[in-house]
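Each residue of the sequence shown is one higher than the one before, counting from 1 in my numbering. For each residue, glycine too, the CB sits at the ideal point set by N, CA and C. Below is one structure, written out as structure tokens, with a few remarks after it.
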Amino acid sequence: MKLVFLAHPEFLGLRSQGHFVRMLAAACQARGHAVQVRQPRGRLQQAFAGTPLAKWAGYAEQYLLFAQELRRLARHDDADTLYVFCDQALGPWVPALVHRPHVVHCHDLLALRSALGELPENPTRASGRVYQRYIRRGFAQARHFISISRQTRADLHRLGQVRPLTSEVVFNGLNHAYAPLARPEALVALARAGFHLPQAGLLLHVGGGQWYKNAAGVVAMYVCLARRAQAQGQAVPQLLMVSPPGVASEPAVAAWLRQLPEGAQVLFRDGLDAGTLQALYSLARALLFPSLAEGFGWPVAEALACGCPVLTTDAGPMNEVGGDAAVYVPRLDSREALPAWAERAAGTLALLLAEPPRQAAQRRQRALAHAALFDSGRAIDAYLRIYEKVLQQEQGAAPAGRGLASTRPRLEAGDAL
């Protein structure tokens with residue numbers, strides 16, 4: 001196949017998106033496909049760097065100049081070229097190529113949901129609401145979509161105003177060979193990174209500090225667990241928060257840190273490499289991941305692949321990624337309810353930590369089996385099958401897909417595709 005991957009400009013600094021594009025392009029090229037990556041080069045944005053106009057120059061380059069460049073380049077591409085939009089946020093480019101074979105990768109619609117008022121924890125300004133509608137107006141014209149979870153696909157159908165011919169789900173593939181490390185090997189890896197495993201063990205949280213990571217909820221749950229342990233004369237595991245430094249100073253987080261009972265300890269670390277994370281997952285007594293929302297929930301998949309017990313939110317996509325291997329707590333609905341929620345969540349966590357060895361071993365086996373769903377090679381193979389299917393559909397349609405919009409049925413969330 002001839003594949004053109006369309007990507008965000010590098011000047012936006014979207015590291016996870018950049019990694020996804022590089023991984024996808026390299027894997028497809030390794031399988032013998034002809035691959036190009038097209039993205040704004042940032043010349044206009046660089047010309048205004050350091051000035052108040054840099055942001056607007058970036059917008060102009062992305063949504064005006066580059067859209068014209070895409071049309072110009074497409075005139076010289078073979079008719080059987082497939083254009084792969086690597087993120088639905090690239091929706092404003094879709095009209096430039098909607099008449100050509102294409103597919104849109106959908107990662108999450110959290111920004112759109114926030115703009116529509118569905119996520120009160122993340123209010124959106126008027127300019128942001130206009131921007132999200134602009135993005136939606138573009139990707140709504142597309143005909144073929146790949147979502148990273150059933151939750152994302154449901155949100156796409158419910159809020160995206162789409163009428164797809166193709167709408168499939170492919171779970172993300174892990175970007176590191178996560179697997180259980182033997183205890184001696186994991187301890188050596190932690191020592192190299194400057195960690196010492198406490199005698200009572202450690203609990204782990206991995207998050208980027210975004211609003212939906214519920215860092216205050218993690219610390220509140222830990223405080224409640226520590227109080228329980230203290231009342232019962234038990235040692236308290238350490239909590240390691242793999243989060244940006246600023247998380248500890250957030251008012252809600254800091255308020256709970258001040259309530260830590262004697263013997264409880266919370267450490268914050270950032271910038272750990274995948275090998276160190278693998279060692280932490282292999283030794284941690286549990287991963288705490290009670291997110292308010294997620295696009296996917298990478299740490300859940302990573303932890304399961306290392307056999308680490310997981311406590312996460314009983315909502316999509318977390319319960320998709322966790323499957324029957326994770327333990328679930330309800331979503332925290334409001335900050336006012338945080339103390340009561342944390343107490344209940346701590347009770348669930350205490351039961352997980354107290355599982356008998358046989359039950360814990362069975363949970364570990366379920367975790368490893370479920371983690372096979374997140375194999376990167378499996379994901380690439382699924383993408384390529386969908387790409388080929390889309391090309392066949394488009395080549396068999398009226399000229400390059402023109403005139404299809406009026407005949408496509410609208411799909412609702414939950415439809416089997």
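What is the C-beta distance between G316 and S114, in whole angstroms, given that I count them as a contact (C-beta under 8 Å)? No, G316 and S114 are not in contact; Cβ-Cβ is about 17 Å, not under 8 Å.
Does the beta-carbon of A7 have 16 or more other beta-carbons within 10 angstroms, so that it is buried, or is it exposed? buried
Quick one: what's got a C-beta closer than 7 Å to A293's C-beta in the same chain, skipping five residues either side? L110, L119, Y212
State the Cα-Cα distance for the pair G307 and N175, rounded to the nearest angstrom. 17 Å
Taking H102 as the reference, give the member of L112, L116, D108, D87 with the closest Cα. For the residues L112, L116, D108, D87, the minimum Cα distance to H102 belongs to D87.
Apply the 10 Å Cβ neighbour rule to G138 and answer buried if 16 or more other Cβ atoms are within range, or exposed otherwise. buried
Pick from L24, Q393, G18, E394 that is closest to R378, judged by C-alpha positions: L24
Locate the alpha helix (DSSP H) running through E168, then write down its first and last residues. It is not in any alpha helix (DSSP H) - E168 instead sits in the beta strand (DSSP E) that spans 166 to 169.
Going by DSSP in three states, F145 sits in which element: helix, strand or coil? strand
Considering M318, what are the terminal residues of the beta strand (DSSP E) in which it resides? Careful: M318 lies outside any beta strand (DSSP E), inside the alpha helix (DSSP H) at 318 to 322.
Determine the DSSP secondary structure at Q230, reduced to helix, strand or coil. helix
Please work out which residues of its chain come closer than 7 Å, Cβ to Cβ, to A346, disregarding the five sequence neighbours upstream and downstream, and give them in chain order. M221, C224, L225, R228.
Taking 7 Å as the limit between beta carbons, can you name the residues of its chain near R15, skipping five residues before and five after? none
Rounded to the nearest angstrom, what separates G32 and I146 at their Cα positions? 22 Å
Here's the rule: buried if 16 or more other CB atoms are within 10 angstroms of the residue's CB, otherwise exposed. What is P164? Classification for P164: buried.
To the nearest angstrom, report how far apart A405 and K389 are at their CA atoms. Note that A405 has pLDDT 36, beneath the 50 cutoff, so the model's placement of it is unreliable and the number below is only indicative. Rounded to the nearest angstrom, the two C-alpha atoms are 19 Å apart.
Between the alpha carbons of A67 and P95, how many angstroms are there, rounded? 9 Å
Can you name, in chain order, every residue of its own chain whose Cβ lies under 6 Å from the Cβ of A248, other than the five neighbours on each side? F268
Take the Cβ of V4 as the centre, count every other Cβ of all protein chains shown within 10 Å, and call the residue buried at 16 or more, exposed below. The C-beta of V4 has 16 or more other C-beta atoms within 10 Å across all chains shown, which makes the residue buried.
Using a Cβ distance threshold of 8 Å, determine whether the stretch 198 to 208 contacts the stretch 277 to 288, with at least three qualifying pairs required. yes
Tell me, to the nearest whole angstrom, how far the beta carbon of Y83 is from that of R100; I am working on the premise that it is less than 8 Å. 6 Å
Just the Cα atoms here: how many angstroms apart are F20 and S376? 11 Å
For H157, does the three-state DSSP call read helix, strand or coil? helix
Short check: CB of L391 to CB of D80, under 8 Å? yes
Whether V236 touches G263 by CB criterion (8 Å): Yes, the pair counts as a contact, with Cβ atoms nearer than the cut-off.
Note down, one range per segment and in chain order, each beta strand (DSSP E) of at least 3 residues found wholly within the stretch 321 to 350. 327 to 329
Whole-Å CB distance - A34 paired with V98, under 8 Å assumed: A34 to V98, Cβ: 22 Å. No contact.
Completely contained alpha helix (DSSP H) runs for the stretch 67 to 149, where each covers 4 or more residues: 94 to 97, 110 to 115, 126 to 139
Nearest-angstrom Cα distance between H157 and A382? 21 Å
Three or more C-beta pairs closer than 8 Å, one from the stretch 165 to 185 and one from the stretch 293 to 302: is that the case here? yes
Enclosing beta strand (DSSP E) for V300 [first to last residue]: No beta strand (DSSP E) contains V300, which is instead part of the alpha helix (DSSP H) from 298 to 305.
Burial state of Y134, where buried means 16 or more other Cβ atoms lie within 10 Å: exposed
Whose C-alpha, out of Q278, L368, R344, is nearest the C-alpha of V321? L368
Just to confirm my understanding: we take A179, look at its own chain, exclude 5 residues before and 5 after, and list those with CB closer than 8 Å. What are they? Within its own chain, the residues whose Cβ lies closer than 8 Å to the Cβ of A179, once the five positions on either side in sequence are excluded, are Q278, A305, C306, listed in chain order.
Chain-order list of residues whose beta-carbon lies under 6 Å from that of D108 (same chain, five-residue window excluded): T152, G295
CB of A215 within 8 Å of CB of G208, strictly: no
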